[in-house]
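When the letters of the sequence shown are read in order and numbered with this note's numbering, they come out as residues 1 to 333. The C-beta atom is built at its ideal place from N, Cα and C for all residues, glycine as well. Please read the structure below before turning to the comments.
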Amino acid sequence: MRRVWFVACCLVGGALPALAAPCPGNPNALGTSRTLTVDTKSFPRIGTMQYRNTLPLNDHEVVITFDDGPLPPYTDRVLDALAKECVKATYFLVGTMARANPDAVRRIYNAGHTIGTHSLRHPFSLGDLGLARIANEVDGGIAVVRKAAGDPRAVAPFFRIPGLARSNQAESYLASQKLSVWSADEVADDWHYGITPTQIVRKIMSRLESKNRRGVLLLHDIKAATAMAVPLLLKELKARGYKVVHAVPPGPRPESLPDLPPTMVAAKQGWPRVVAQKAETTGSLTRMPRPIRVATRSDSRARDVRLAAALDKKKSKVQSASAFKTGGLFSAR
Ligand SMILES: [Zn+2]
């Protein structure tokens, strides 16, 4: 009976009532309060940062999303933090990252999260590309993530444009492919080089509180600072009375995907990893100093870390410039 109701509900993009189940080992977990079925017809464009509409969330409800992964070990740290609190999120995976870490794709899915896509190679000017290249990035990303998952039904028709660099042409193509375009309601600026976990939490919480006290949150699970911020964010959301809603696509969902052996980076454990100073707690927000360094197994590895940091800094600049160059971040639609 419930199954029939569920299907009817999905067709209109409706929401299931609270289905929160006990969280094993954590009776005080934040948990996932309800599931929201998001179909493309009802929700073609999502997120007030760029569009008129967003998800129908109630006061103090958030949907948590992560972009750009998967990338062990940070993705795994985020998954651990979410699992500890029984929180379900939505991931927008990049094709090349999924191809390199198919095992992580399956860990995300098997943990019960939703998987959408975020292009094949994460170009910072998708909106400026010709139609053929847009199609290549969109379709290629979906194909690679589906292949990594091993079951196309595991990949939701949810797409987030890299850098939120929208254009009318890109949005028209995504609509023609029956994909929901996800922008966001609040970002954490966690792509900025040098931002600390505490700053990430403060930024997103202050934005959330100063606006609608609800919305789609955008974070990046490939960042060390974000991986460290997620447990603090979940703690803060709970302390301020927020509930987490899990966005899912309509239709059947495979129970689970066969696990794959860990990729080399994950298997190496310990690199790259983040070493943080001991957290201090002041009030409801845990204050954690910025990581003192990214630990390396040998001095030679430090060079890789410096290179990664330099690339990260460059990416941040290019991303900002690109978003505004493509006619701005904002669309009235
Ligand atoms: Zn991205």
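Cβ pair residue i, residue j closer than 7 Å
{"i": "residue 201", "j": "residue 236", "result": "yes"}
{"i": "residue 243", "j": "residue 61", "result": "yes"}
{"i": "residue 250", "j": "residue 35", "result": "no"}
{"i": "residue 87", "j": "residue 245", "result": "no"}
{"i": "residue 144", "j": "residue 104", "result": "no"}
{"i": "residue 260", "j": "residue 110", "result": "no"}
{"i": "residue 164", "j": "residue 65", "result": "no"}
{"i": "residue 221", "j": "residue 69", "result": "yes"}
{"i": "residue 214", "j": "residue 57", "result": "yes"}
Check: residue i C-beta below 6 Å from any heavy atom of ligand 1
{"i": "residue 162", "result": "yes"}
{"i": "residue 68", "result": "yes"}
Euclidean distance between Cα positions of residue i and residue j
{"i": "residue 301", "j": "residue 168", "result": "With a pLDDT of 42 at residue 301, under the threshold of 50, the predicted position of this residue should be treated as unreliable, and no value is reported."}
{"i": "residue 52", "j": "residue 186", "result": "14 Å"}
{"i": "residue 253", "j": "residue 129", "result": "33 Å"}
{"i": "residue 266", "j": "residue 71", "result": "Residue placement at residue 266 cannot be trusted, given a pLDDT of 49 that sits under 50; what the coordinates show is reported in the next sentence. Spanning the two alpha carbons is a distance of roughly 9 Å."}
{"i": "residue 151", "j": "residue 93", "result": "15 Å"}
{"i": "residue 362", "j": "residue 131", "result": "Missing from the structure shown is residue 362; the chain here goes from 1 to 333 and no further."}
{"i": "residue 120", "j": "residue 44", "result": "21 Å"}
{"i": "residue 74", "j": "residue 116", "result": "18 Å"}
{"i": "residue 225", "j": "residue 114", "result": "22 Å"}
{"i": "residue 197", "j": "residue 140", "result": "33 Å"}
{"i": "residue 123", "j": "residue 100", "result": "17 Å"}
{"i": "residue 205", "j": "residue 195", "result": "15 Å"}
{"i": "residue 49", "j": "residue 227", "result": "24 Å"}
{"i": "residue 134", "j": "residue 67", "result": "18 Å"}
{"i": "residue 125", "j": "residue 59", "result": "34 Å"}
{"i": "residue 193", "j": "residue 76", "result": "21 Å"}
{"i": "residue 238", "j": "residue 178", "result": "35 Å"}
{"i": "residue 166", "j": "residue 173", "result": "11 Å"}
{"i": "residue 22", "j": "residue 32", "result": "10 Å"}
{"i": "residue 240", "j": "residue 199", "result": "17 Å"}
{"i": "residue 85", "j": "residue 210", "result": "25 Å"}
{"i": "residue 212", "j": "residue 191", "result": "23 Å"}
Residue burial classification, residue i (beta-carbon count within 10 angstroms, cutoff 16)
{"i": "residue 223", "result": "buried"}
{"i": "residue 183", "result": "buried"}
{"i": "residue 355", "result": "Nothing can be reported for residue 355: it is not among the residues displayed for the chain, which extend from 1 to 333."}
{"i": "residue 102", "result": "buried"}
{"i": "residue 281", "result": "In this prediction, residue 281 has a pLDDT of 41, which is less than 50 and means its spatial position is unreliable; what the coordinates show is noted afterwards. Per the 10 Å Cβ criterion, exposed."}
{"i": "residue 153", "result": "exposed"}
{"i": "residue 127", "result": "buried"}
{"i": "residue 275", "result": "Its pLDDT being 44, under 50, residue 275 is placed unreliably by the model, and the measurement read from it follows with that caveat. By the neighbour-count rule (16 or more Cβ atoms within 10 Å), residue 275 is not buried but exposed."}
Residue closest to residue i, alpha-carbon to alpha-carbon, out of the options
{"i": "residue 24", "options": "83, 68, 40, 60", "result": "83"}
{"i": "residue 137", "options": "162, 35, 149", "result": "162"}
{"i": "residue 262", "options": "108, 22, 40, 31", "result": "108"}
{"i": "residue 157", "options": "247, 22, 257, 26", "result": "247"}
{"i": "residue 55", "options": "40, 69, 194, 67", "result": "40"}
{"i": "residue 91", "options": "73, 112, 229", "result": "112"}
{"i": "residue 208", "options": "196, 233, 226, 220", "result": "233"}
{"i": "residue 159", "options": "47, 106, 21", "result": "47"}
{"i": "residue 142", "options": "21, 118, 176", "result": "118"}
{"i": "residue 78", "options": "229, 255, 240", "result": "229"}
{"i": "residue 149", "options": "211, 255, 180, 135", "result": "255"}
{"i": "residue 80", "options": "241, 231, 240", "result": "231"}
{"i": "residue 216", "options": "240, 181, 21", "result": "181"}
{"i": "residue 334", "options": "175, 146, 191", "result": "As shown, the chain starts at 1 and ends at 333. That puts residue 334 outside it, with no answer to give."}
{"i": "residue 96", "options": "127, 147, 85", "result": "147"}
{"i": "residue 155", "options": "211, 106, 21", "result": "106"}
Within-7 Å CB hit, residue i to chain C
{"i": "residue 241", "result": "Going by chain labels, chain C is absent from the structure shown, which holds only one protein chain."}
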